[in-house]
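Residue numbers (this note's numbering): 32 to 495.
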C-alpha cells in the first residue's frame, strides 16, 4: 500500500510541477506572441506596418516571403528577386500600397524582369490590373487600339517600346490575342506590372508618357487574405508556422491554426482545473490513509487503559454494543436524530451534490447557520466504522478544512453535517466561468491553502 501511495504521489507531484511551471511558461509565451504580433511596427519611413511583413525581431509575426529591408528613407520587400517599395500601410483598413522600386524613377530600367506575386498571402484589391510593357521591339505595333496601347521612348533609333494598358487576358484584347503572342516574339522582353484601376483608366483616356510615369509611381493596393482577416476578427494576431508551412493565429494563452476559439475553457482555466483535480486526488489519497490510521488508533483507545495493554483476544471477544456507545461518547459534536436531519434539510428538498458514497443536501440549523448534509447510502454493519471516522473528523480543526458540526447514526441511517461552502466545491469553482480570467497568483493561493490542509492532516498524529 505504501509503495502504491508513493508511486501515485510521485506521479502527481511531477504532474503538478508540470502544471505549475511548464504550462504557465507556455501560456506566457503565447501571451507574449499575441501581444507582440498584434502591434504594428516601423521600418524606414513607414510606422504602421503589419503581417505579412516582418523584420528580424518579429520573425514569428510575418510570412517568410515578405521580409523587409529598412533604410532611413523607405521600406522595401523583395518578391521574386524584384524589389517593391511600401508607399503606404494602414493597420486599420488593412490595406497596403506598393510600387516597383525600379519603376519609381522612370519606365525604362535596363534589367527589369517579371515578379511572381503571391496573391494567396497578399491578394490584390478589386480593380487592380496588369500593365504590360514591351521593350526593344523590331516591329511596329498597329494603331488599331489607341486607347489600350501607347508608345515609349526608351532610346535606340532602330527599336521601339510599347505599353498595353490592360491585362493581356482581358476580353478587350481577344481580337488581337494572337497578334500579341506573335508580337512579343519580336521584342527583347516584356514586363507585366500591377497598377491601380483608377490610374489605368486615366492612362487609357490620355496615353501619355507622363501619365504612364504617374501610374507606375502611384503603385497598387493589396490587402490581407481571408484566413488572416478571420484571425483578426477573432481577436487574434496573424502569424506563420515555418515548420508546417501554414498560417497560424496567435491568441491569448494559445496559438491556433485558423482563429481564436471562443468556446470551451481557456488554457489558464484548463490549467487551473488540472491543479484542482490533481490536488483533490492527492487530498483523497492522503485523507483515506489518515482515516485508516486514525480509525485503528480510535479502536485501540476503547479497549486500552493507561496500565493494561490491549491483546488480540480482547479485541475479538469485546461486544459490539458497548464499543458503539463508547465511541459516541467520545465524539465532541452534536448527535442528530434522523427526524432532525429531515427537518434541517426540509425533507431533503435542495440537493447540491452527489457522489459515489451519498448525496449532499443544503440545510439550515435552528440558529440560522447554513449547513451541508451528506446522507450516506448502502451503509452496512452496526455503524462502528462510521462512528470511528466521525470521531477522527471531529478532532480536526484547520482554516483550510471544512468543519464538522454534527452527525446522525440511527439504525441504518448515516449522515454527516458540516459547514456550508457558499462558493461551492473547489473543483467546481475553478472549472466554472468565474475562474476563466483567474490570475495565477489566485491559483497559487488556492494550491497553497490545499497544501496547508494536507500538511495539517499529515502531521495530526496520522503519519506513515
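Yeah, the Cβ is synthetic: ideal placement off N, Cα and C, and Gly gets one too.
Residues of its chain near residue i, where Cβ-Cβ distance is below 6 angstroms and the 5 sequence neighbours each way are ignored
i	result
residue 219	166, 167
residue 497	One cannot answer for residue 497 here, as it falls past the ends of the chain, which runs 32 to 495.
residue 94	83, 152, 271
residue 127	120, 253
residue 290	261, 262, 265, 280
residue 400	none
residue 238	181
residue 113	146
residue 111	146, 147
Straight-line Cα distance separating residue j from residue i
i	j	result
residue 79	residue 125	10 angstroms
residue 54	residue 486	Here the model assigns residue 54 a pLDDT of 42, short of 50, so the residue's position is not dependable and the matter cannot be decided.
residue 402	residue 60	44 angstroms
residue 65	residue 149	25 angstroms
residue 67	residue 431	41 angstroms
residue 123	residue 145	31 angstroms
residue 440	residue 368	7 angstroms
residue 429	residue 479	14 angstroms
residue 396	residue 404	11 angstroms
residue 179	residue 172	12 angstroms
residue 226	residue 475	58 angstroms
residue 502	residue 142	The first residue shown for the chain is 32 and the last is 495, placing residue 502 beyond what the model contains.
residue 443	residue 381	22 angstroms
residue 483	residue 323	21 angstroms
residue 240	residue 130	17 angstroms
residue 389	residue 281	46 angstroms
residue 164	residue 104	28 angstroms
residue 223	residue 147	10 angstroms
residue 69	residue 284	14 angstroms
residue 276	residue 387	49 angstroms
residue 481	residue 384	21 angstroms
residue 184	residue 221	15 angstroms
residue 156	residue 62	32 angstroms
residue 186	residue 209	28 angstroms
residue 419	residue 473	36 angstroms
residue 477	residue 453	16 angstroms
residue 258	residue 154	12 angstroms
residue 81	residue 292	22 angstroms
Status (buried if at least 16 other CB within 10 Å, exposed otherwise) for residue i
i	result
residue 398	exposed
residue 373	buried
residue 212	exposed
residue 88	exposed
residue 133	buried
residue 391	buried
residue 378	exposed
residue 72	buried
residue 267	buried
residue 370	exposed
CB contact flag (residue i, residue j, <8 angstroms)
i	j	result
residue 138	residue 244	yes
residue 247	residue 197	no
residue 256	residue 159	no
residue 193	residue 162	no
residue 97	residue 108	yes
residue 287	residue 279	yes
residue 366	residue 438	yes
The beta strand (DSSP E) enclosing residue i, as first and last residue numbers
i	result
residue 264	Careful: residue 264 lies outside any beta strand (DSSP E), inside the alpha helix (DSSP H) at 257 to 264.
residue 126	126 to 131
residue 268	268 to 272
residue 442	Premise fails: residue 442 is in no beta strand (DSSP E) and is neither H nor E.
residue 113	113 to 121
residue 191	191 to 195
residue 394	389 to 395
Cutoff 8 angstroms; reference residue i; Cβ partners in own chain excluding five residues on either side
i	result
residue 102	75
residue 20	Only positions 32 to 495 of the chain appear in the structure, and residue 20 is not among them; the question remains open.
residue 263	125, 255, 269
residue 135	116, 247, 248
residue 375	367, 394, 395, 396, 402, 404, 448
7 angstroms CB neighbourhood of residue i in its chain, flanking five on each side removed
i	result
residue 170	214, 217
residue 228	158, 159, 160
residue 234	196, 242, 243, 246
residue 191	168, 171, 182
Span of the alpha helix (DSSP H), counted from its first residue to its last, around residue i
i	result
residue 68	54 to 69
residue 29	Residue 29 cannot be examined here, being either before or after the span of the chain that is shown, 32 to 495.
residue 245	240 to 249
residue 181	That residue, residue 181, is in no alpha helix (DSSP H); its beta strand (DSSP E) goes 180 to 183.
residue 157	Careful: residue 157 lies outside any alpha helix (DSSP H) and carries neither H nor E.
Proximity test, residue i beta-carbon vs the ligand FMN heavy atom, cut-off 7 angstroms
i	result
residue 162	The ligand FMN is not part of this structure, which contains no ligands at all.
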